[in-house]
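Report on one structure; see the data block that follows.
Chains as they are written, first to last, in the UniProt record's numbering: chain A, 1 to 363; chain B, 1 to 326.
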């Protein structure tokens, strides 16, 4: 039988710094700008400190369930740094790094996880979506936003992010598929942290890579070392430029390891192998960047100490603002349901307000 | 002014808004070149171009999710679900995002979007093409659910749905797509949402219905008139949020109520209307509330659908029983 190959594909892997912080190839220009690299290091440190504080708030009953980004900081900070304020971010629950980079404040993020939707009423990033909790719905939203941008002839990109487990959802394929057909300017980030709560990759897919899922949508798919912020940023810069200029979508699989629990409600020790985790700690993104900075004489213990003190102050100020935010009144359940509350619902609003007043009076 | 069918009225209203509002965009499966499987979008792509009347890939969740994304950018998408029986993959997007975005962002992002779907039985369609699942959507806060029963209402309510600042599920009773024609002036005048229509004034009994069943209900009212029973007939039209004031006013006048719906009886819009009447006007009632509905069964394949769906006779029987109650 004679056959003809009608399609074939390959997936490229990008890495610039190895786990020891040593360049594996010629570095992009931004990576030689030590001020820039120090800033990225600080951004990652801020995210890590913020996560630690958020964990502490949850553990002490001052905040609800929270998903940290420990070990995955290079992803959100890396692609977030490639975004402009004109671009639109469609985050999921582990996009804290990109959210911070895109102008969503620590106080807003705490308020959100503290159980108040007001945290999604972003003061700066007015067009960004609230965090998507159901898995993979955000992939389609990103394509919808990008379609509107395309129809209006604007040069703006849309970014969204999903865990590797989320790529098993139908919405993931539906979203990237339409982005391919309509040539939409979206950057789809896949945070491959090896775990979907307790489910590892071998239970999630038979594919060698998550990046190759892009091939079935006719879009470009690439893989990066998600612990190498230079690789994440470099590939993201390329994808955003392409998206803004009519070049269509890109799917970027960033390989990392979830060094934390899925959320504060999870206990990863039930399923994670401590030896594997120990190895993963050697590969984490901040140590690598610090080694690179030190090798370039751009970082010292003194710098580290000063930075940590500064960051602690910033985080504490955000926590203070969060803790001082008054609890929402029951009218907020009703006031943003529709542009105008239905007649039938108005008595419920009044009743809820009266009950709250009565409860306050009883105190 | 021309006499047009319900589906032509849907088409005319969408054309009017495409013509007058550059943010309106229409998409779904087969809506472009083919003009929709029922021809609801017939001729619109030719007139308004492939940029604004778009044939989308076949994926319902995607269709609804795209509408969410586009509407969040201030566009006014009208997305078609080819049949309501296929809307379920999109429920995730509709319930979790369309209905909640305004609330979740404290009004920062709002979604002026419409999701259209033909629904209901009576056209000998394949399985999954004939259900009446409107109550599922009416149950979700943040959505509006609108069902026109005739051509002029389809035109006026569709205009209102497109212009509404919040997501509207617009359900089209496909059995009556072409059974009557109305003179409808294509003048862009909308009808109010959250308003019932009193289609026949009467003093003895209030018949309440919506969608395709309005036709059987109105016929029943005429027959009752011949028997000396003066029925008031209300078309609910917007089943969420419901205009209970109009219904309660009528019940207080007549003291007798019969609710007619094609959907299964339990946990339905009919149940909700009955409960509201019981809460707010029970002392005006002269007889127990009556309900004529589809059975609490799976919507049968078409050999049995006529036996499933309420008929004029079933409505008459129930109405007479209510009238005879002492």
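Don't be surprised by glycine CBs; every beta carbon is placed ideally from N, CA and C.
Report the three-state DSSP secondary structure of residue 182 of chain B (helix, strand or coil).
The residue labelled residue 182 of chain B in the question sits at position 182 within the second chain. Residue state, collapsed to three classes: strand.
Residue 49 of chain B burial status per 10 Å Cβ neighbour count (16 or more: buried)
The residue you call residue 49 of chain B lines up with position 49 of the second chain. Exposed, because fewer than 16 other Cβ atoms sit within 10 Å of the Cβ of residue 49 of chain B.
Whole angstroms is fine: what's the gap from residue 7 of chain A's alpha carbon to residue 220 of chain A's?
Here residue 7 of chain A refers to the residue found at position 7 when the first chain is read from its first residue. Here residue 220 of chain A refers to the residue found at position 220 when the first chain is read from its first residue. Distance between the alpha carbons of residue 7 of chain A and residue 220 of chain A: 14 Å.
Closer than 8 Å, Cβ to any Cβ of chain A: which residues of the stretch 24 to 36 of chain B, in chain order?
25
Residues from the stretch 102 to 132 of chain B in contact with chain A, defined by Cβ distance under 8 Å:
102, 103, 104, 105, 106, 107, 108, 109 and 110
Residue closest to residue 28 of chain A, alpha-carbon to alpha-carbon, out of A:233, A:63 and A:50:
Translated into the one-based positions of the first chain, residue 28 of chain A becomes position 28. Among A:233, A:63 and A:50, the Cα nearest to that of residue 28 of chain A belongs to A:233.
Kindly list, in the order they appear in chain B, the residues whose Cβ is closer than 8 Å to that of residue 174 of chain A.
Residue numbering aside, residue 174 of chain A sits at position 174 when the first chain is read from its first letter. In chain order: 57, 59, 61, 62 and 65.
Below 8 Å, can you find three or more Cβ-Cβ pairs linking the stretch 163 to 172 of chain B to the stretch 287 to 297 of chain B?
no
Leaving out five residues on either side along the sequence, give the residues of the same chain with a beta carbon under 7 Å from the beta carbon of residue 200 of chain B.
Taking the first residue of the second chain as position 1, residue 200 of chain B is located at position 200. Cβ within range, chain order: 218, 221, 231, 232 and 233.
Going by other Cβ atoms of all chains shown within 10 Å of its Cβ, with 16 needed for buried, is residue 309 of chain A buried or exposed?
Counting from one through the first chain, the residue named residue 309 of chain A turns up at place 309. Exposed.
Does DSSP put residue 194 of chain A in a helix, a strand or coil?
Within the first chain, residue 194 of chain A is the residue found at index 194, counting from 1. Here residue 194 of chain A sits in coil by DSSP.
Residue 242 of chain B: contacting residues in chain A (beta-carbon distance under 7 Å):
Counted from its first residue, the second chain places residue 242 of chain B at position 242. Those within 7 Å of residue 242 of chain B in chain A are 344.
Secondary structure at residue 17 of chain B, three-state DSSP: helix, strand or coil?
The sequence position of residue 17 of chain B within the second chain is 17, counting from 1. It is helical.
Work out the CA separation of residue 256 of chain A and residue 115 of chain B for me, nearest whole Å.
The residue you call residue 115 of chain B lines up with position 115 of the second chain. The residue you call residue 256 of chain A lines up with position 256 of the first chain. Cα-Cα distance, rounded: 40 Å.
Beta-carbon separation of residue 238 of chain B and residue 207 of chain B under 8 Å?
If you number the second chain from 1, residue 238 of chain B lands on position 238. If you number the second chain from 1, residue 207 of chain B lands on position 207. No, the pair does not count as a contact, with Cβ atoms beyond the cut-off.
Does any residue of chain A have a CB that is nearer than 8 Å to the CB of residue 165 of chain B?
As a first step, residue 165 of chain B is located in the second chain; it is residue number 165 there, counting from the start. By this cut-off, residue 165 of chain B is an interface position.
DSSP-derived helix/strand/coil call for residue 250 of chain A
The sequence position of residue 250 of chain A within the first chain is 250, counting from 1. Reduced to three states, the DSSP call for residue 250 of chain A is strand.
Three or more C-beta pairs below 8 Å linking the stretch 96 to 103 of chain B and the stretch 60 to 75 of chain B
yes
Whole-number beta carbon distance between residue 345 of chain A and residue 241 of chain B, since they are thought to touch under 8 Å:
Indexing the second chain from 1 puts residue 241 of chain B at position 241. Indexing the first chain from 1 puts residue 345 of chain A at position 345. Confirmed, about 7 Å.
Output needed in chain order: residues of the stretch 116 to 129 of chain A with a Cβ under 8 Å from some Cβ in chain B.
117, 118, 120, 121, 122, 126, 127 and 129
C-alpha distance - residue 270 of chain A paired with residue 174 of chain A, whole-angstrom precision:
Against the first chain, residue 270 of chain A aligns to sequence position 270. Against the first chain, residue 174 of chain A aligns to sequence position 174. The alpha-carbon atoms of residue 270 of chain A and residue 174 of chain A are separated by roughly 33 Å.
Under DSSP, the beta strand (DSSP E) around residue 217 of chain B begins and ends at which residues?
Here residue 217 of chain B refers to the residue found at position 217 when the second chain is read from its first residue. Where residue 217 of chain B is concerned, there is no enclosing beta strand (DSSP E), although the alpha helix (DSSP H) it sits in stretches over 213 to 226.
Along chain A, in chain order, which residues have C-beta atoms closer than 8 Å to that of residue 68 of chain B?
Sequence index remark: in the second chain, residue 68 of chain B carries index 68 (1-based). Chain A residues near residue 68 of chain B: 140, 141 and 144.
Cβ separation of residue 284 of chain A and residue 227 of chain A, assumed to be a contact under 8 Å, to the nearest whole Å:
By one-based count along the first chain, residue 284 of chain A stands at place 284. By one-based count along the first chain, residue 227 of chain A stands at place 227. Going by Cβ atoms, the distance from residue 284 of chain A to residue 227 of chain A rounds to 6 Å, so yes, they are a contact pair.
Is residue 166 of chain A closer than 8 Å to residue 193 of chain A when the C-beta atoms are compared?
As a first step, residue 193 of chain A is located in the first chain; it is residue number 193 there, counting from the start. As a first step, residue 166 of chain A is located in the first chain; it is residue number 166 there, counting from the start. The answer is no: Cβ separation not under 8 Å.
Is residue 333 of chain A helix, strand or coil when you go by DSSP?
Stepping through the first chain from its first residue, residue 333 of chain A is reached at position 333. Helix at residue 333 of chain A.
So residue 328 of chain A and residue 116 of chain A are supposed to be a Cβ contact under 8 Å. How far apart are they, rounded?
On the first chain, residue 328 of chain A is found 328 positions in, with the first residue counted as 1. On the first chain, residue 116 of chain A is found 116 positions in, with the first residue counted as 1. Residue 328 of chain A to residue 116 of chain A, Cβ: 6 Å. Contact.
Using 8 Å as the limit for Cβ to Cβ distance, is residue 141 of chain B near chain A?
Here the question's residue 141 of chain B lines up with position 141 in the second chain. Interface residue, yes.
Contained alpha helix (DSSP H) runs [length at least 4] in the stretch 246 to 315 of chain A, N- to C-terminal order:
274 to 282 and 285 to 295
Within chain A, the residues that residue 45 of chain B reaches when beta carbons sit closer than 7 Å
Position 45 of the second chain, counted from the start, is the residue given in the question as residue 45 of chain B. Here the premise fails: no neighbours, minimum Cβ distance about 15 Å.
Looking at C-beta atoms only, is the number of pairs between the stretch 237 to 257 of chain A and the stretch 34 to 48 of chain A that lie closer than 8 Å three or more?
no
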